[in-house]
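Working notes for the structure below.
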Amino acid sequence: MKKRVLSLLLISVCLLTLIGCGKKEEETNKEESIKIEYDGVNITPGEKLKIDKISKDYDKSEVPDCAFGGKGIIYTFDDLEISTNEDDLIYSVYFIDPNMKTLEGISLGDSFDSVKEKYKGTESDGVYKYSKGKVEIDFTINGDIVSSIEYLLVD
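The sequence shown begins at 69 in the numbering used here and counts up by one.
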């Protein structure tokens with residue numbers, strides 16, 4: 069009887085340890101996400117947009133959503149454009165204004181060399197891609213200059 073109780077106790081401890089490790093891994097992956105800070109709000113593809121926390125004016129457009137089905141929503145600010153599904157899950161953030169910077173300080177008009185110094189990515193057909201977790205940043209390069217910056221939710 070004591071062996072059975074001891075065995076059950078050991079199995080329970082092992083299961084709790086495994087469950088705890090799983091949570092830690094999820095938390096670690098979440099910390100690895102690429103985000104943008106805008107008007108004091110963290111904007112991360114794959115997370116819900118907290119539009120009520122952003123105080124800046126914006127235009128809102130509804131479009132057919134090819135990525136998720138249903139309708140998509142595009143929030144256009146002076147500095148950037150945020151695309152979501154109808155539940156406000158962010159899947160794209162596109163920089164419009166050269167004053168908008170990544171958290172690492174890259175903006176439209178910067179040199180390709182400055183991008184490569186800050187991000188260890190890959191280049192193909194004029195687009196330099198940097199991925200971390202489920203988010204990718206695409207820097208379009210024309211000549212040696214960053215002409216567009218887009219954050220994307222990828223699987």
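Using N, Cα and C, we set each Cβ at its ideal position, and we do this for glycine too.
Remember, it's a predicted structure, so these values are computed and weren't measured experimentally.
For Lys-118, three-class secondary structure by DSSP: Start at 1 with the first residue of the sequence shown, and residue 118 comes out as number 50. If DSSP states are grouped into helix, strand and coil, Lys-118 belongs with coil.
Distance, Ile-102 Cα to Leu-117 Cα: Residue 117 sits at position 49 when you count from the first residue of the sequence shown. Residue 102 sits at position 34 when you count from the first residue of the sequence shown. Each residue's Cα considered, the two are about 14 Å apart.
Burial state of Thr-190, where buried means 16 or more other Cβ atoms lie within 10 Å: For the purposes of this step, residue 190 is taken as residue 122 along the sequence shown, with counting starting at 1. Thr-190 should be labelled exposed.
Cβ pair Ser-129, Asp-107 closer than 8 Å: Within the sequence shown, residue 129 is the residue found at index 61, counting from 1. Within the sequence shown, residue 107 is the residue found at index 39, counting from 1. No, these two residues do not count as a Cβ contact at 8 Å.
Cross-strand partners of Phe-145 (DSSP beta bridge): The sequence position of residue 145 within the sequence shown is 77, counting from 1. In DSSP, Phe-145 forms no bridge with anything.
Close Cβ partners of Asp-223 (< 8 Å) along its chain, the five nearest in sequence each way excluded: Sequence index remark: in the sequence shown, residue 223 carries index 155 (1-based). Taken in chain order, the residues that qualify are Lys-202.
Buried or exposed (CB count within 10 angstroms, at least 16 for buried), Gly-140: The count along the sequence shown starts at 1 and reaches residue 140 at position 72. The residue in question, Gly-140, is buried, as its Cβ has 16 or more Cβ neighbours within 10 Å.
Residue from Asp-120, Ile-119, Lys-121 and Ile-104 whose Cα sits closest to the Cα of Pro-113: As a working note, residue 113 is residue 45 in the sequence shown. The shortest C-alpha separation from Pro-113 is found at Ile-104.
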